[in-house]
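J.: My questions all concern the structure below.
Residue numbers (this note's numbering): 999 to 1352.
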């Protein structure tokens, strides 16, 4: 049931889809997403009842303010969330579309959070006929919500309590990390994220250069001669990595092996493959693509958590591949495995903490 009270929503690295990073930066400069959200948070939470949610804007409201499409607004907001200048929060834990607002954005500015906390706490005290101080409110509101969750979930009162809990969760993050909330902290995250976006842009432009034709539509990573040779040697000898020069060869094979990670067809047997050897000999990106194809999510998680995968420079590419796999599954109208969603969330968390 504590799941109901986890209000902070993780986001993906923005997929610019052909928009140059320099143009994206210009769009950010014109839109000022973090400052715009801060101003709305501060100004429009003065009112009470249902109107208080006007102070927690969502993507559709902000796209009009930014003067762009909802998709571009989401890109801007996701970028700021990953820089931790904003947080995306969920005010209702529902799995279906409804008319009322269910999500919104809050600034992580410490002074603004203090103002929001006091405003929302006073409002909930009035609704529940309580007089809770800040020290009492978190436990009392949480207990009240959990005692009445079947009635409150989806109601204005329930969403207000979840909004309050989200504010307190963000405050706890701010208090936990000394530099959180400073320009030094957020600017460092921004530079790191921009480097990742620029690297993705370079790779995309290189793949479009003449001399590197697109692979056939039905081509999969497992069709690579490099993988077939490695797999055969593993199954025959149950030994460690194949050819020590494999990693250098792989770099030339990645474009040829860039078919969908979750294509149609039967999964091949796993046999005696040493996935640890594959990560070492063939590289993380190539190996994760094979594991995605075979649905061996536990192997990805083990590498990420136990085999120091969290330090791999390939994590941004691997995350994009996992997201693409998830989208392909949805396009085929199949249910996305919980393990895959867990891997995506884990990758995002590792990259954010790194």
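Think of the CB as a built atom: it goes at the ideal place given N, C-alpha and C, for glycine as much as any other residue.
For residue 1084, which residues from the same chain have a beta carbon less than 8 Å from its beta carbon, with the 5 sequence-adjacent residues on both sides left out?
T.: Taking the chain shown and counting its residues from 1, one reaches residue 1084 at position 86. If we look at residue 1084 and ignore the five residues flanking it on each side, its Cβ neighbours are 1031, 1032, 1035, 1075, 1078, 1103, 1104, 1105, 1106.
J.: Going by the beta-carbon positions, is the gap between residue 1113 and residue 1089 smaller than 9 Å?
T.: Within the chain shown, numbered from 1, the residue matching residue 1113 stands at position 115. Within the chain shown, numbered from 1, the residue matching residue 1089 stands at position 91. Contact: no.
J.: Would a C-beta distance cut-off of 9 Å place residue 1317 and residue 1011 closer than the cut-off?
T.: Taking the chain shown and counting its residues from 1, one reaches residue 1317 at position 319. Taking the chain shown and counting its residues from 1, one reaches residue 1011 at position 13. Their beta carbons are under 9 Å apart, which means residue 1317 touches residue 1011 by this criterion.
J.: Under 9 Å between the Cβ atoms of residue 1198 and residue 1025?
T.: Indexing the chain shown from 1 puts residue 1198 at position 200. Indexing the chain shown from 1 puts residue 1025 at position 27. Not a contact, by the Cβ cut-off of 9 Å.
J.: DSSP on residue 1030, reduced to helix/strand/coil?
T.: The sequence position of residue 1030 within the chain shown is 32, counting from 1. Coil.
J.: Among the residues of its own chain, which have a CB less than 8 Å from the CB of residue 1344, if the five just before and after it don't count?
T.: Against the chain shown, residue 1344 aligns to sequence position 346. Only 1299, 1302, 1303 meet the Cβ criterion.
J.: Less than 9 Å between the C-beta atoms of residue 1140 and residue 1163, yes or no?
T.: One-based indexing of the chain shown puts residue 1140 at position 142. One-based indexing of the chain shown puts residue 1163 at position 165. Yes.
J.: Measure the C-alpha to C-alpha separation of residue 1099 and residue 1229 and round it to an integer number of angstroms.
T.: Residue 1099 sits at position 101 when you count from the first residue of the chain shown. Residue 1229 sits at position 231 when you count from the first residue of the chain shown. Distance between the alpha carbons of residue 1099 and residue 1229 is about 51 Å.
J.: Would you mind stating whether residue 1195 and residue 1081 have Cβ atoms separated by less than 9 Å?
T.: As a working note, residue 1195 is residue 197 in the chain shown. As a working note, residue 1081 is residue 83 in the chain shown. Against a cut-off of 9 Å, the Cβ pair of residue 1081 and residue 1195 comes out as no contact.
J.: When DSSP labels each residue in this structure, what does residue 1330 get in the three-state scheme?
T.: Counted from its first residue, the chain shown places residue 1330 at position 332. Reduced to three states, the DSSP call for residue 1330 is coil.
J.: Please report the Cβ distance between residue 1355 and residue 1125, rounded to the nearest whole angstrom; I am assuming they are in contact, meaning their Cβ atoms lie under 8 Å.
T.: A question about residue 1355 goes unanswered here, because the residues of the chain that appear run from 999 up to 1352.
J.: Since I believe residue 1147 is in contact with residue 1002 (beta carbons under 8 Å), could you give me their beta-carbon distance rounded to a whole number of angstroms?
T.: The residue labelled residue 1002 in the question sits at position 4 within the chain shown. The residue labelled residue 1147 in the question sits at position 149 within the chain shown. Indeed they touch by this definition, with Cβ atoms about 6 Å apart.
J.: Could you say which of 1290, 1351, 1018, 1346 lies nearest to residue 1326 if we only look at CA atoms?
T.: The sequence position of residue 1326 within the chain shown is 328, counting from 1. Considering only alpha carbons, the answer is 1290.
J.: The alpha helix (DSSP H) with residue 1085 in it runs from where to where?
T.: Working through the chain shown from its first residue, we reach residue 1085 at position 87. Taken as a continuous stretch (DSSP letters only), residue 1085 belongs to no alpha helix (DSSP H), being part of the beta strand (DSSP E) at 1084-1088.
J.: From residue 1341 to residue 1314, what distance separates their C-alpha atoms?
T.: Counting from one through the chain shown, the residue named residue 1341 turns up at place 343. Counting from one through the chain shown, the residue named residue 1314 turns up at place 316. When rounded, the distance between both Cα atoms is 13 Å.
J.: So what does DSSP say about residue 1009, is it helix, strand or coil?
T.: Taking the first residue of the chain shown as 1, we reach residue 1009 at position 11. The answer is coil: DSSP assigns residue 1009 none of H, G, I, E or B.
J.: Can residue 1307 and residue 1277 be called in contact, C-beta distance under 9 Å?
T.: By one-based count along the chain shown, residue 1307 stands at place 309. By one-based count along the chain shown, residue 1277 stands at place 279. Cβ atoms of residue 1307 and residue 1277: closer than 9 Å.
J.: Taking the alpha-carbon positions, what's the residue 1021 to residue 1009 distance?
T.: As a working note, residue 1021 is residue 23 in the chain shown. As a working note, residue 1009 is residue 11 in the chain shown. Roughly 21 Å separates the two Cα atoms.
J.: Straight-line CA distance for residue 1178 to residue 1335?
T.: For the purposes of this step, residue 1178 is taken as residue 180 along the chain shown, with counting starting at 1. For the purposes of this step, residue 1335 is taken as residue 337 along the chain shown, with counting starting at 1. Taking the straight line from one Cα to the other gives about 34 Å.
J.: So within the stretch 1128-1191, which uninterrupted alpha helix (DSSP H) runs reach at least 4 residues, ignoring any that extend past its ends?
T.: Within the stretch 1128-1191, the complete alpha helix (DSSP H) runs of at least 4 residues are 1132-1145, 1147-1150, 1154-1174.
J.: If you run the structure through DSSP and keep just helix, strand and coil, what is residue 1104?
T.: Taking the first residue of the chain shown as position 1, residue 1104 is located at position 106. Strand at residue 1104.
J.: Roughly how many angstroms separate the alpha carbons of residue 1263 and residue 1281, rounded to a whole number?
T.: Stepping through the chain shown from its first residue, residue 1263 is reached at position 265. Stepping through the chain shown from its first residue, residue 1281 is reached at position 283. Unreliable positioning characterises residue 1263 in this predicted model, as indicated by a pLDDT of 41, which lies under 50. The coordinate reading is nonetheless provided below. Taking the straight line joining both Cα atoms gives about 25 Å.
J.: Relative to the C-alpha of residue 1296, which residue among 1337, 1072, 1027, 1349 is closest?
T.: Taking the first residue of the chain shown as 1, we reach residue 1296 at position 298. It is 1337 whose Cα lies nearest to the Cα of residue 1296.
J.: Assuming residue 1343 is part of the alpha helix (DSSP H), what are its boundary residues?
T.: Within the chain shown, residue 1343 is the residue found at index 345, counting from 1. Taken as a continuous stretch (DSSP letters only), the alpha helix (DSSP H) holding residue 1343 covers 1336-1351.
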